[in-house]
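Heads up: the structure comes next, in structure tokens.
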Amino acid sequence: EVQLVESGGGLVQPGRSLRLSCTASGFTFADFTMTWFRQAPGKGLECVGIIRSKVYGGTTDYAASVKGRFTASRDDSKRIAYLQMNSLKIEDTGLYYCTTLWRWGQGTMVIVSS
Amino acid sequence: DIVMTQTPLSLSVTPGQPASISCKSSQSLLHSDGKTYLYWYLQKSGQSPQVLIYEVSSRFSGVPDRFSGSGSGTDFTLKISRVEAEDVGVYYCMEGIHLFTFGPGTTVDLK
């Protein structure tokens, strides 16, 4: 069964950092582009970062709102995708999902507040 | 950046009746590989999004055949032939050609 499990969320002060992890099982992780989305409470979905598979060069892309602050990476041997979030802002608050676009995790909540 | 719009933003449907949602993109979603990367998702209350349709009209595994997608270029439609209680939720279209931009969502509930 395909599973994606996010972890690493929590309450953090503005300006601090957090690293999210997405642990995959049930499929050939290395073959898939992994995408991070977020959803602020009661709002829609925003793609924040994409990390492509090695087949597509392992390249990354980011939303303008997080470029320079967030970094997506992956460890194919461990089947884990990461989202390093630095210089967090209050507006980064939300439920963060990792996904292959076909399957989604349940999300991990990030709250940025002083 | 690509902007995705949806109409209507909310829809109340009598069970057993059809429903239709329109989605427009600000740029063509036709890729150089010949495929058009338009997805439809349903997000039920308290759940993660689930994919219904990919590449405009292909149903994902396990999606009932009452769901169908159509369109090309910048104009797309999701149709539910006969709405059931389990279809309630927020429907999103998403472009898959650039930065996976979602539309604002269409809330579907039952009359």
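Protein sequences appear in the order of chains A and B. In this text, residue positions in the first sequence follow the numbering used here: the first is 1, and each later residue adds one. In this text, residue positions in the second sequence follow the numbering used here: the first is 1001, and each later residue adds one. We put the CB at the ideal spot given by N, CA and C, even for glycine. Just so we're clear, the structure is a prediction, and the values are computed from it rather than from any experiment.
message = Below 7 Å on C-beta distance, what does Gly1105(B) contact in chain A?
response = For this step, residue 1105(B) is matched to residue 105 along the second sequence. Those are Gly44, listed as they occur along chain A.
ask   = Which residue from Ser114(A), Trp102(A), Gly107(A) puts its Cα closest to that of Val1(A)?
value = Your numbering for residue 1(A) matches position 1 in the first sequence. Checking the displayed sequence, the identity of residue 1(A) turns out to be Glu instead of Val. For the residues Ser114(A), Trp102(A), Gly107(A), the minimum Cα distance to Glu1(A) belongs to Trp102(A).
message = Considering Cα atoms alone, identify which of Arg79(A), Ser17(A), Lys43(A) is closest to Ser53(A).
response = Counting from 1 along the first sequence, the entry for residue 53(A) is found at position 53. Among Arg79(A), Ser17(A), Lys43(A), the Cα nearest to that of Ser53(A) is on Arg79(A).
CA nearest to the CA of Ser1050(B), picked from Cys1023(B), Gly1071(B), Gly1073(B), Glu1086(B) = The residue labelled residue 1050(B) in the question sits at position 50 within the second sequence. Here residue 1050(B) is Gln; the residue named in the question, Ser, does not match the sequence. Nearest option by C-alpha distance: Glu1086(B).
query = For the region 74–92 of chain A against the region 23–30 of chain A, are there 3 or more C-beta pairs whose distance is under 8 Å?
reply = yes
key: Candidates Ala24(A), Ile51(A), Pro14(A): closest to Leu83(A) by CA position   = Position 83 of the first sequence, counted from the start, is the residue given in the question as residue 83(A). Answer by Cα proximity: Ile51(A).
key: Residue burial classification, Arg19(A) (beta-carbon count within 10 angstroms, cutoff 16)   = As a position in the first sequence, residue 19(A) is number 19, starting the count at 1. Result: exposed.
ask   = Of all the residues that make up the region 1028–1054 of chain B, which are near chain A by a beta-carbon distance shorter than 9 Å?
value = Tyr1039, Tyr1041, Gln1043, Gln1047, Ser1048, Pro1049, Gln1050, Val1051, Tyr1054
message = Output needed in chain order: residues of the region 97–110 of chain A with a Cβ under 9 Å from some Cβ in chain B.
response = Tyr97, Thr99, Leu101, Trp102, Arg103, Trp104, Gly105, Gln106, Gly107
ask   = Of the choices Ser1070(B), Ser1048(B), Val1108(B), Gly1089(B), whose alpha-carbon is the least far from that of Gly100(A)?
value = Along the first sequence, one-based indexing puts residue 100(A) at 100. Reading the sequence as shown, one finds Thr at residue 100(A) and not Gly. Nearest C-alpha to Thr100(A): Ser1048(B).
ask   = How is Tyr56(A) classed by DSSP in three states: helix, strand or coil?
value = Numbered from 1 along the first sequence, position 56 holds the residue referred to as residue 56(A). In the structure shown, Tyr56(A) sits in a helix (DSSP, three-state: H, G or I).
request  = Step through the CB atoms of chain B and report whether any lies within less than 8 Å of the CB of Thr28(A).
outcome  = On the first sequence, position 28 is the one that residue 28(A) refers to. False, the Cβ-Cβ gap to chain B never drops below 8 Å.
request  = Under 9 Å between beta-carbons, which chain A residues line up against Phe1102(B)? List them in chain order, please.
outcome  = Taking the first residue of the second sequence as position 1, residue 1102(B) is located at position 102. Here the neighbours are Phe37, Gly44, Leu45, Glu46, Cys47.
ask   = Of all Cβ atoms in chain B, is any one closer than 8 Å to the Cβ of Asp92(A)?
value = As a first step, residue 92(A) must be located in the first sequence, where it is residue number 92. Not an interface residue.
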